[in-house]
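Take a look at the structure set out below.
2 protein chains.
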Amino acid sequence: MSNCLIAQSGGPTSVINATIAGLIKANQQDPVYEHVYGALNGIEGILAEKFVELTNLPEEELRILIQTPSSVLGSCRYKLQRDNPEDHKKLIKIMAEHDIETLFYIGGTDGMDTVADMAEYAREHEITNRRFIGCPKTIDNNLVMTDHCPGYGSAAKYIAFTALQSWLDLNVYTRPEVFILETMGKDSGWLAASACLSGIVDILIVPEVPFDQEAVLNRVRECIKEKNKCYIVISEGARYADGTYLSSDKAKMAAFGYTFSGGASAMLQNLILTTNTASRVRVHDLSVSQRCNIVGRSLTDVTEALNVGEVAHEYSKDKSFTGKMIILRRKDTREYEVEYTYTDASEAAGIVRTFPEEWLLAGNRGITEEALEYLRPLIEGSPERVIKDGLPAFVRPYYLR
Amino acid sequence: MSNCLIAQSGGPTSVINATIAGLIKANQQDPVYEHVYGALNGIEGILAEKFVELTNLPEEELRILIQTPSSVLGSCRYKLQRDNPEDHKKLIKIMAEHDIETLFYIGGTDGMDTVADMAEYAREHEITNRRFIGCPKTIDNNLVMTDHCPGYGSAAKYIAFTALQSWLDLNVYTRPEVFILETMGKDSGWLAASACLSGIVDILIVPEVPFDQEAVLNRVRECIKEKNKCYIVISEGARYADGTYLSSDKAKMAAFGYTFSGGASAMLQNLILTTNTASRVRVHDLSVSQRCNIVGRSLTDVTEALNVGEVAHEYSKDKSFTGKMIILRRKDTREYEVEYTYTDASEAAGIVRTFPEEWLLAGNRGITEEALEYLRPLIEGSPERVIKDGLPAFVRPYYLR
Chain A
552 MSNCLIAQSG GPTSVINATI AGLIKANQQD PVYEHVYGAL NGIEGILAEK
602 FVELTNLPEE ELRILIQTPS SVLGSCRYKL QRDNPEDHKK LIKIMAEHDI
652 ETLFYIGGTD GMDTVADMAE YAREHEITNR RFIGCPKTID NNLVMTDHCP
702 GYGSAAKYIA FTALQSWLDL NVYTRPEVFI LETMGKDSGW LAASACLSGI
752 VDILIVPEVP FDQEAVLNRV RECIKEKNKC YIVISEGARY ADGTYLSSDK
802 AKMAAFGYTF SGGASAMLQN LILTTNTASR VRVHDLSVSQ RCNIVGRSLT
852 DVTEALNVGE VAHEYSKDKS FTGKMIILRR KDTREYEVEY TYTDASEAAG
902 IVRTFPEEWL LAGNRGITEE ALEYLRPLIE GSPERVIKDG LPAFVRPYYL
952 R
Chain B
552 MSNCLIAQSG GPTSVINATI AGLIKANQQD PVYEHVYGAL NGIEGILAEK
602 FVELTNLPEE ELRILIQTPS SVLGSCRYKL QRDNPEDHKK LIKIMAEHDI
652 ETLFYIGGTD GMDTVADMAE YAREHEITNR RFIGCPKTID NNLVMTDHCP
702 GYGSAAKYIA FTALQSWLDL NVYTRPEVFI LETMGKDSGW LAASACLSGI
752 VDILIVPEVP FDQEAVLNRV RECIKEKNKC YIVISEGARY ADGTYLSSDK
802 AKMAAFGYTF SGGASAMLQN LILTTNTASR VRVHDLSVSQ RCNIVGRSLT
852 DVTEALNVGE VAHEYSKDKS FTGKMIILRR KDTREYEVEY TYTDASEAAG
902 IVRTFPEEWL LAGNRGITEE ALEYLRPLIE GSPERVIKDG LPAFVRPYYL
952 R
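In order, the protein sequence lines correspond to chains A and B.
Under my numbering, the first residue of the first sequence is numbered 552, with each subsequent residue one higher.
Under my numbering, the first residue of the second sequence is numbered 552, with each subsequent residue one higher.
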């Protein structure tokens, strides 16, 4: 019996470790592999042979692993170079030395690129006993081919309830006031759009639609006039028609003649204040909390991340299964249901899926009912929480042991 | 039978509405007052006679009221002027017109000032049938006389798990990196200190100890050398020995020759970068989320906020009970237990309780075991959550109806 290896890459998510747990659990119930290894810090750790043993993780540790946010195996931004196969060769050699037949790589578009690349290298060199399988994860929901991506639901839920709670906070005083919530999303508006689940967003600014300064400031004026408040959600990747990010120094210099720290929301805050559109503007940048949210995760998301691991393990029994990425397909049922299937990892590698423009309301007014229907099931349910001393228990990251 | 009135003042908390629910519930079970009214936006709303009827709120709405963060009655920063009794006179007159015997005022040090002030005015004018009772609330835990303050436990819990989750996030890459978490706390370090419950804080900077630039930068260097990472928590009110806030323009000009947006954490980030102490520093300002946290509240906190309302209602049966604030006293028991008693509101009015210096470790290294023992019970337990469409249900604020 050969072994398998799990590694994680790219930005962490709240449920990325549930996929590891799914793989381990599946192999405990159906031992396809003698050992389930984990590699520390993605490809970097594989090349450095930094492995940990995960095969027989006790059930209690698996329970806590499922609720541990962020990547317990560590991550990397290391990319294999297609025109320099030294890394590819070394990786295959290390896999052979440890009798590792299958590498399960949990990642986003870059991760899928690695999976596709390694599978292609193996095919070219007629190596049939080293296989590469991608498990999707990203809070950005920007992977193509899959209905949505594990990690997104919990991030969306975090953003939605943070929007709701900060909107309640904004309203307690009688003074006129603007609130700006900044989400991640360099190239797509999926995260910012999820704030609309709260039902309180007045203005939504996403990278898909060029930032129209006058239109946005007019809408702020309108909201203040109508109800004394204005609630804005903006993607970090908000940009002008020429592609310049609001957060870039160039944009700041053009608008104010000087640069200042802070991203898209700080820029917009400055604009609103210096144009006297409103006299009080508060900014809340969600920072990393949206991708490692520990208490408000979605049950749908946790369950699906776990299932992706289990399904990947099952598909890997087929000896010709390589260069694939597990995907979720939403069934055409009344109640939300998904099925798990796969596609070529190369189909998703390096491609960004943006938020559908037909789901955006005109004039930055938010998203359509169809979009909300797509989003709602993804944030449903609360997973179990194992608590220790009042805080969620977590598995100590393997790279810190 | 006369009536009572409830109003809220100052910054919101995650459990401030549980105290309203406690008052309403207590009066439903033991009808001391014919009507329980709510005033919109504190003293401002009383003077404008903006009242809502709360007497017979159905049980289901009370359940949801308990979990609704932020002030459902709205808040104000309005302060009565002691040397101008026009407002006092008007307030007494309005209470008389609506046959309101007791005003329950839920607030912090300013709110207690109002309670003390109005009670004194009534005493001076021999008005015995208008009474004023303070219910403590503040995330800052900066009220004296009480062991701790409703609102603090949930904020502390939010800060602690956010520290934990962002520390997990910080560690996933192998690169050297500093993380700075900024909490509220203009004059006291209670909120920042609560991050230490997570067990991961390397450097704690609070207003109680003057900011020592060289010592802090040295400690950052030490942490980076030892483990490649450094996790810092800083109060918004961090200051130099001369009292200048790190977040002030004056401090920024002195350090860099220019000002920039952002508070204490942005200033520290700049310092670390420009002195080449570390090359990568991420900042996370918790903004309002720490005071209106909707999903991670503490059961201890919710229960105590509710009890404060019930106890205030009970004490108010005594016709001489006025100018008082309900307080919590921690019993000398093995298991955490509190009893509810009272003090003169004037004892807490306008006084800031700082974090005990003997609970701070030297060299910004965090807090003592004694401090942790004080904090731990305050974040214990998870209250029930009523969910609607995947998000916590909330009572629509009365001032928006």
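Positions of the beta carbon are idealized from the N, C-alpha and C atoms, including for glycine.
Three-state secondary structure assigned by DSSP to residue i
i	result
Leu879 (chain A)	strand
Cys627 (chain B)	coil
Gly685 (chain A)	strand
Asn592 (chain A)	coil
Ala558 (chain B)	strand
Val839 (chain A)	helix
Leu757 (chain B)	A small correction: the amino acid at residue 757 (chain B) is Val; Leu does not occupy that position in the sequence shown. In the structure shown, Val757 (chain B) sits in coil (DSSP, three-state: anything other than H, G, I, E or B).
Ile751 (chain A)	coil
Ser786 (chain B)	strand
Lys780 (chain B)	strand
Gly573 (chain A)	helix
Ile902 (chain A)	coil
Glu648 (chain B)	helix
Pro943 (chain B)	strand
Between the CA atoms of residue j and residue i - distance to the nearest angstrom
i	j	result
Gln580 (chain A)	Val853 (chain B)	42 angstroms
Ala863 (chain A)	Ile918 (chain B)	46 angstroms
Asn858 (chain A)	Val566 (chain A)	11 angstroms
Leu654 (chain B)	Asn635 (chain B)	21 angstroms
Ile930 (chain B)	Val666 (chain B)	29 angstroms
Glu861 (chain A)	Thr894 (chain A)	16 angstroms
Glu585 (chain B)	Glu611 (chain B)	21 angstroms
Lys641 (chain A)	Leu631 (chain A)	11 angstroms
Asp883 (chain A)	Thr892 (chain A)	15 angstroms
Gly589 (chain B)	Asn693 (chain B)	26 angstroms
Glu886 (chain A)	Pro928 (chain A)	9 angstroms
Glu637 (chain A)	Gln764 (chain A)	49 angstroms
Asn769 (chain A)	Cys781 (chain A)	11 angstroms
Val889 (chain A)	Glu935 (chain A)	21 angstroms
Whole-number beta carbon distance between residue j and residue i, since they are thought to touch under 8 angstroms
i	j	result
Val771 (chain B)	Thr828 (chain B)	5 angstroms
Pro943 (chain B)	Phe712 (chain A)	6 angstroms
Gly740 (chain A)	Phe906 (chain A)	4 angstroms
Ile754 (chain A)	Ile783 (chain A)	4 angstroms
Arg681 (chain A)	Arg831 (chain A)	In fact, because the Cβ distance is near 60 angstroms, the residues do not count as touching under 8 angstroms.
Asp720 (chain B)	Val946 (chain A)	Between Val946 (chain A) and Asp720 (chain B) the Cβ distance is about 15 angstroms, and since that is not below 8 angstroms, they are no contact.
Leu605 (chain A)	Ile557 (chain A)	7 angstroms
Under 8 angstroms between C-beta atoms of residue i and residue j
i	j	result
Ser849 (chain B)	Gly941 (chain A)	yes
Met669 (chain B)	Gly685 (chain B)	no
Val587 (chain A)	Ile575 (chain A)	yes
Gly702 (chain B)	Thr564 (chain B)	yes
Gly808 (chain B)	Ile690 (chain B)	no
Gly847 (chain A)	Val846 (chain B)	yes
Ser560 (chain B)	Ile615 (chain B)	no
Leu912 (chain A)	Val760 (chain A)	no
Ala572 (chain B)	Ala744 (chain B)	no
Ile617 (chain A)	Asn568 (chain A)	yes
Lys875 (chain A)	Ala900 (chain A)	no
Glu787 (chain A)	Thr734 (chain A)	yes
Leu822 (chain B)	Ile785 (chain B)	no
Leu613 (chain A)	Lys601 (chain A)	no
Arg790 (chain A)	Phe811 (chain A)	no
Leu732 (chain A)	Leu837 (chain A)	yes
Thr795 (chain A)	Lys803 (chain A)	no
Of the residues the options, the one placed nearest residue i, counting alpha carbons only
i	options	result
His699 (chain A)	A:Glu855, A:Val937, A:Ile845 and A:Ala913	A:Glu855
Leu797 (chain A)	A:Glu773, A:Asp738 and A:Ala706	A:Asp738
His835 (chain A)	A:Phe730, A:Thr905 and A:Pro636	A:Phe730
Lys778 (chain A)	B:Ser560, B:Glu677 and B:Tyr950	B:Tyr950
Ala815 (chain A)	A:Ala572, A:Val757, A:Lys780 and A:Ile615	A:Val757
Glu671 (chain B)	B:Ser840, B:Phe872 and B:Glu759	B:Phe872
Lys688 (chain A)	A:Leu879, A:Tyr887 and A:Thr884	A:Leu879
Ala746 (chain A)	A:Ala706, A:Val767, A:Leu824 and A:Tyr629	A:Ala706
His649 (chain B)	B:Glu675, B:Ala789 and B:Asn554	B:Asn554
Ile902 (chain A)	A:Asp800, A:Ala766, A:Thr697 and A:Ala647	A:Thr697
Check: residue i C-beta below 7 angstroms from any heavy atom of the ligand HEM
i	result
Asn722 (chain B)	Of the ligands one can find in the structure shown there are none, so the ligand HEM has no counterpart to examine.
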